[in-house]
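Residue numbers (our numbering), protein chains in the order written: chain D, 1 to 275; chain A, 276 to 460; chain Y, 461 to 1030. Just so you know, even glycine gets a beta-carbon here, dropped at the ideal spot from N, CA and C. Here the structure is a predicted model, which means the values were calculated and not measured. Just below is one structure, and these are the notes that go with it.
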Amino acid sequence: MAVEMLSYIDRQSPIHRLTGVTKLICFMIWSSIAMLTYDTRILVCLFLFSIFVFIISKVKLKEVAFVLLFILFFLMINNVAIYVFSPQEGVKIYGTSHVLFEIGGRYTITIEQLFYQMNVTLKYFTVIPAAILFIVTTNPSEFAASLNRIGVSYRISYAVALALRYIPDIQRDFRNISLSQQARGIDMSRKEKLTKRIKNAASIIVPLILSSLDKIEVISNAMELRGFGKNKKRSWYRARPFQKIDVITIILFVLILLVSFYVTLHDGNRFYNPF
Amino acid sequence: MKNNLLSIKTIVAIGIGAAVFVILGRFAVIPTGVPNTNFDTSYGFLALMAVVFGPIAGGLIGLIGHALKDAIFYGTPWWSWVLVSGIVGFLIGLVSKKINIEAGNFNVKKMILFNVVQIIVQAIGWFLIAPSLDVFIYAEPANKVYLQGMVAGGLNMVTVAVLGTLLLGIYAKSRSQSGSLIKED
Amino acid sequence: MKKPVIQFENYSFQYRSQAKPTLNDINLTIYEGEKVLIVGPSGSGKSTLGHCINGLVPFSYKGEVSGRLKISGEDVRELDIFSLSKKVGTVLQDPDGQFIGLTVAEDIAFALENDYTPQTQMFNKVAEVSKMVEMENFLDSSLHHLSGGQKQRVSLAGVMVDDVEILLFDEPLANLDPATGKYAIELIERIQQETKKTVVIIEHRLEDVLHCPVDRIIVVDDGRIISDMTPDELLASPILEECSIREPLYVKAAKYAGCAITSDMYPARIDSFQVDDCKDKLADWFIKVNGPQPKVKTETILELNNIDFGYTSGKRTICGVSFSIEKGEMVSIVGKNGAGKSTLSKLICGFEKPSSGRIYYRGLDITEDTIKDRASRIGIVMQNPNQMISKQMIYDEVALGLILRGVPEAEIKDRVFKTLKICGLYPFRNWPISALSFGQKKRVTIASILVLEPEVIILDEPTAGQDFRHYTEIMEFLVELNRQGVTIIMITHDMHLMLEYTPRAIVIAGGTKLADDTAVNVLADSSIINEANLKETSLFELALRAGISEPKEFVDRFIAYDREVRQKWQ
Ligand SMILES: Nc1ncnc2c1ncn2[C@@H]1O[C@H](COP(=O)(O)OP(=O)(O)OP(=O)(O)O)[C@@H](O)[C@H]1O
Ligand SMILES: Nc1ncnc2c1ncn2[C@@H]1O[C@H](COP(=O)(O)OP(=O)(O)OP(=O)(O)O)[C@@H](O)[C@H]1O
Ligand SMILES: [Mg+2]
Ligand SMILES: [Mg+2]
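In structure tokens:
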């Protein structure tokens, strides 16, 4: 049941060398742009730029392929759903209707709809390489330090660090509990009735949760014994100082942000209308 | 000592809680039989944590847990729903003082209170906020996202009603009454 | 005049959920630079005593305190847990909570970070301390990838960075293999020599701790201090036997032979122990007692054939292991931390699937069988009790498997109560599991499998954290089951347990089978001992020093005799 998940990939690349703070800020800027704009020109530029960044990060496509496949699958389903529920959304947005095929009634295919759905898809393509890169090039230990640096209280930053630290542990516990329950005679096969399945799931979830509650107790004791939370501030072993390249990168991203907003909003509409 | 809003225990609860939320949300979803609709047990857990550790912990567990889950398994956080997980955790947490689960009794009255609150809160979150954000951020068709919200929200309500109530009952029982344990022969 | 650093005066403590105090009227003074060992039965209050010293009682574990406790002259009531944490460094008993950082370096630096130490200073300090525990090459390793012994060193480094006065270790040896355990004790000794800190160790494995000198041993029983003397004095007294704590084996053997142990024989360590006066008695006794009865062979019940397995692709954890086990055998699986012993047990139970190789049960291929199918014949007690417990109440936990199998209620009750009695848990049958000590929890998991009466039982570290009496009771019950034909496989780091109960031992090293022989032969082969991090028994050395020409036979006879004596306890 080795389920793959994204995690830090240690490499030497310009992207890896940026501090976590820089990457965090840039990622947030990037997501904001991608969320806001529907301007096709900007989306295409951003998409090309993110491909470029992906290439210089030296992360191999193979290493993240499982996520990409999943996302492609999801996008396909989502596109179908959008079409099923609102086949004329594009017409509504762009205000014109160029019919491509007549299928009868509301399911007639229009160029506007295709263009709109292409934009939806493009939006994901823009943000996904950036998000994946952020996850695989940021050392999780440095991540908490970065959160703290951009103003999140160190207590909450540390909670995030703990979450990252304990995800593999909890996953292992989950599996072990499930196995030991089966060894006592619980049947986990998928063919069972729903009520039975729920009952079986509870027999794993309940112990997992209770043991996690015990863990909270033990860990907070251990942290307390080693003086967590005694000062207003705390330093971070893994924090890294800013370099010139960090400053340049952040300025670059702020510029991209401003340009995108200007181009998107100067005609008072998030959508770019070629029609 | 407790001069800070967040005690160490709360911080650890947020961290571990988020990790558990991630794992449950990924591995402990029970298919209903209808494709693409699942009972997501992580919300039952979120409700428990919110009631035990209060609104801030509840909110942050939802927020951090959901963002991390999306990020490490699906490549990118789906922000609108992440935010709603946070809001749901926070709002359910508001009843934690009233229920006072640490006292060790979770009677019918509290059970009803808990469920009324969770249903209202989740209705606001999944039926209203999540789809509206989807329309706003991603400009998706309204009827699609509202239906998605309805289905997911409805399932989450059932999950919390069953699993959340069960967990709270168990938790209350595990807070053994003070001075009650003696060795028997 | 030595300066007292820990002073308990008429101190009592009662957990809020308990009806009676867990610690009663404790009077104890520990002086600067001393090394003190605390021993006592499981559940006697040792960890609780430790929690009082580091401040978890009463800051984290609530309850009622009476009497006084001073740490380096200051009353703890006037301190908070942070100032206490500057004075006392603790290594906790529960392995789940010890490591907080993602990597070794961060975990060591944790206390420094909290002190808002500048980064460069932190780098220096971490480098210095990690060198002290010989972990300087692992600073960037993730904690998940360390072996048990390496983890132990990291936890030590983590408390060393803070210049604390007192180091407190709660069962530092549990789960360590014998050689690593020896190393850990030497490390603690060396650090104490270099830094002159006060050291308090809580541990069941008395003989292993005494490998390095200890100033005093405190015996705790049922929440009271019942003795406080030097190791030599204590070993010469009958106190250990009275509270059923295992004495060092060479002492026990000398006592059986009728020698009177006195403190001027320096019984605390085998190398200092003066055997000259009791040589004759030992030799006489050796002739008098009988060895164990040899077992007759029966049919093969379980067979592993060329098993390969890896958790991640590309890294093999188990390579080409084959062995077969006969019906009604008792077998030990031993080896270094991280050798793959627990992994083997998981493969046998179907928790993991081998990448190649077959597993047979009574000649039938069960490699493709589900966990549930196998579980009706093979029961497993896992290493970490937290991973097996799924109910809140002790009774429910033990009854769970029977309920799932549809056993009638009246019978369930009978069987559960009987098993709880065997495991020494009957007085607690109506308690929540959360109020148990670590060793008691482990016993709950053993009970929950014993009650099912499977044909083959696999126990992963059954005696870790158990006191001698419970250990004996559980093991004797297993022997009884074994006589009725149940096959028992034990994974253990306890060499004496292996010698005592399992005639045969399978040694695993680096995922391969290194040896498969009688337990006594395994421990007589120094190359196996070295490669698999085992340790020879002190009885062997005693025999040599007493001039007995067949030391192996001496060990055998001791064990047979000792078992007989202890059977009378029941
Ligand atoms: N958190 C708790 N709440 C209530 N009772 C507790 C708690 N922790 C321990 N006890 C009780 O206090 C007694 C002593 O426990 P403690 O953990 O100090 O034992 P111990 O000597 O360290 O045992 P072991 O060798 O098994 O670790 C036990 O009987 C246990 O039931
Ligand atoms: N779930 C897991 N995923 C990945 N690696 C694992 C897992 N469990 C164990 N390992 C690795 O497999 C190796 C063998 O582990 P195993 O637990 O079988 O050792 P062991 O012989 O039982 O050691 P110990 O005496 O310390 O209990 C170790 O290197 C360990 O880090
Ligand atoms: Mg203990
Ligand atoms: Mg093991």
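If you measure from the beta carbon of asparagine 380 of chain A to each beta carbon in chain D, is any gap under 9 angstroms?
-> No, asparagine 380 of chain A does not count as interfacial toward chain D.
Using the DSSP secondary-structure output, state which residues sit across from aspartate 977 of chain Y in a beta bridge.
-> Bridge partners of aspartate 977 of chain Y: Y:Ala965.
Could you give the distance in angstroms between the alpha-carbon of asparagine 278 of chain A and the alpha-carbon of leucine 225 of chain D?
-> Residue confidence is low: asparagine 278 of chain A scores 44 on pLDDT, short of 50, so the model does not pin down where it sits. Its coordinate-derived value is still stated next. If I take the Cα positions, the gap works out to 18 angstroms.
Taking glutamate 828 of chain Y as the reference, which of Y:Leu807, Y:Asn846, Y:Lys741 has the closest Cα?
-> Y:Leu807
Opposing strand residues paired with glutamate 763 of chain Y [DSSP bridges] | Y:Ser784, Y:Tyr820
Close beta carbons around arginine 889 of chain Y, own chain, < 7 angstroms, minus the five adjacent residues each side = Ile854, Tyr855, Leu880
Contact belief for histidine 953 of chain Y with leucine 636 of chain Y at Cβ below 8 angstroms, rounded distance in angstroms = 7 angstroms
Cβ-based neighbour list, glycine 861 of chain Y, same chain, cut-off 8 angstroms, excluding 5 preceding and 5 following | Ser908, Ile909, Val911, Leu912
Do the segment 155-163 of chain D and the segment 29-49 of chain D touch if we need at least three Cβ pairs shorter than 8 angstroms?
-> no
Tell me, which residues are paired with leucine 422 of chain A by DSSP?
-> Looking at the DSSP output, leucine 422 of chain A sits in no beta bridge, so it has no partner there.
By how many angstroms is the C-alpha of glutamine 117 of chain D removed from the C-alpha of serine 94 of chain D?
-> Checking the displayed sequence, the identity of residue 94 of chain D turns out to be tyrosine instead of serine. In a straight line, the C-alpha of tyrosine 94 of chain D is about 12 angstroms away from that of glutamine 117 of chain D.
In this structure, does DSSP put leucine 69 of chain D in helix, strand or coil?
-> helix
With a floor of 4 residues, list each alpha helix (DSSP H) that falls wholly inside the segment 489-559 of chain Y, ordered by position along the chain.
-> Runs found: 506-514, 516-519, 541-547.
Alpha helix (DSSP H) segment containing aspartate 345 of chain A, residue limits | 330-349 is the extent of the alpha helix (DSSP H) around aspartate 345 of chain A.
Min CB distance phenylalanine 228 of chain D to chain A below 9 angstroms = yes
When DSSP labels each residue in this structure, what does serine 7 of chain D get in the three-state scheme?
-> coil
For the alpha helix (DSSP H) holding glutamine 425 of chain Y, just list the boundary residues, first then last.
-> There is simply no residue 425 of chain Y to check, as chain Y begins at 461 and stops at 1030 in what is shown.
What are the residues of the segment 332-357 of chain A that lie near chain D, defined by any Cβ-Cβ distance shorter than 8 angstroms?
-> Residues of the segment 332-357 of chain A whose Cβ lies closer than 8 angstroms to any Cβ of chain D, in chain order: Leu335, Ile339, Gly340, Leu343, Ala346, Ile347, Phe348, Tyr349, Gly350, Thr351, Pro352, Trp354.
Could you please tell me which residues of the segment 416-449 of chain A, in chain order, have their CB closer than 7 angstroms to any CB of chain Y?
-> Ile445, Lys448, Ser449
Hey, is aspartate 409 of chain A close to ligand 4, as in C-beta under 8 angstroms from one of its heavy atoms?
-> no
Residue list, Cβ distance to ligand 6 heavy atoms smaller than 7 angstroms | Among the ligands in the structure shown, ligand 6 does not appear; only ligand 1, ligand 2, ligand 3 and ligand 4 can be found there.
Measure from the alpha carbon of serine 590 of chain Y to the alpha carbon of each residue in Y:Thr580, Y:Asp575, Y:Gly618, then state which is nearest.
-> Nearest C-alpha to serine 590 of chain Y: Y:Gly618.
Give me the Cα-Cα distance between alanine 1066 of chain Y and glutamine 847 of chain Y, rounded to the nearest whole angstrom.
-> Residue 1066 of chain Y lies beyond the range of chain Y shown here (461 to 1030); nothing can be said about it.
Taking DSSP as the reference, what is the three-state secondary structure of arginine 41 of chain D?
-> helix
Would you say the segment 134-144 of chain D touches the segment 4-23 of chain D, given that touching needs at least three Cβ pairs under 8 angstroms?
-> yes
Can you tell which of Y:Val980, Y:Tyr471, Y:Ser784 has the C-alpha that lies nearest to the C-alpha of lysine 530 of chain Y?
-> Y:Tyr471
Excluding five sequence neighbours on each side, which residues of the same chain lie with their C-beta closer than 8 angstroms to the C-beta of lysine 901 of chain Y?
-> Pro845, Asn846, Ile849, Ile893
Answer with buried or exposed for methionine 76 of chain D, where buried requires no fewer than 16 other C-beta atoms within 10 angstroms of its C-beta.
-> exposed
What three-state label does DSSP hand methionine 118 of chain D in the structure shown?
-> For methionine 118 of chain D, the secondary structure class from DSSP, reduced to helix, strand or coil, is helix.
Are the beta-carbon atoms of leucine 762 of chain Y and isoleucine 721 of chain Y separated by less than 9 angstroms?
-> no
Near proline 306 of chain A, which residues of its chain fall below 7 angstroms by C-beta distance, leaving aside the five closest residues on each side in sequence?
-> Asn313
Output the residue ranges of the beta strand (DSSP E) runs that lie fully inside the segment 797-884 of chain Y and measure 3 residues or longer, sorted by chain position.
-> Annotation note: the segment 797-884 of chain Y contains the following uninterrupted beta strand (DSSP E) runs of length 3 or greater, listed N- to C-terminal: 816-821, 838-841.
Report all residues from its chain with a CB closer than 7 angstroms to the CB of glycine 493 of chain Y; omit the five preceding and five following residues, and keep chain order.
-> Lys656, Thr658
What number of angstroms, rounded off, separates the C-alpha of arginine 1023 of chain Y from the C-alpha of threonine 905 of chain Y?
-> A straight line joining the alpha-carbon of arginine 1023 of chain Y with that of threonine 905 of chain Y spans about 25 angstroms.
Roughly how many angstroms separate the alpha carbons of isoleucine 245 of chain D and threonine 22 of chain D, rounded to a whole number?
-> Roughly 9 angstroms separates the two Cα atoms.
Contacts of tryptophan 891 of chain Y in chain A (Cβ-Cβ under 7 angstroms) | Leu456
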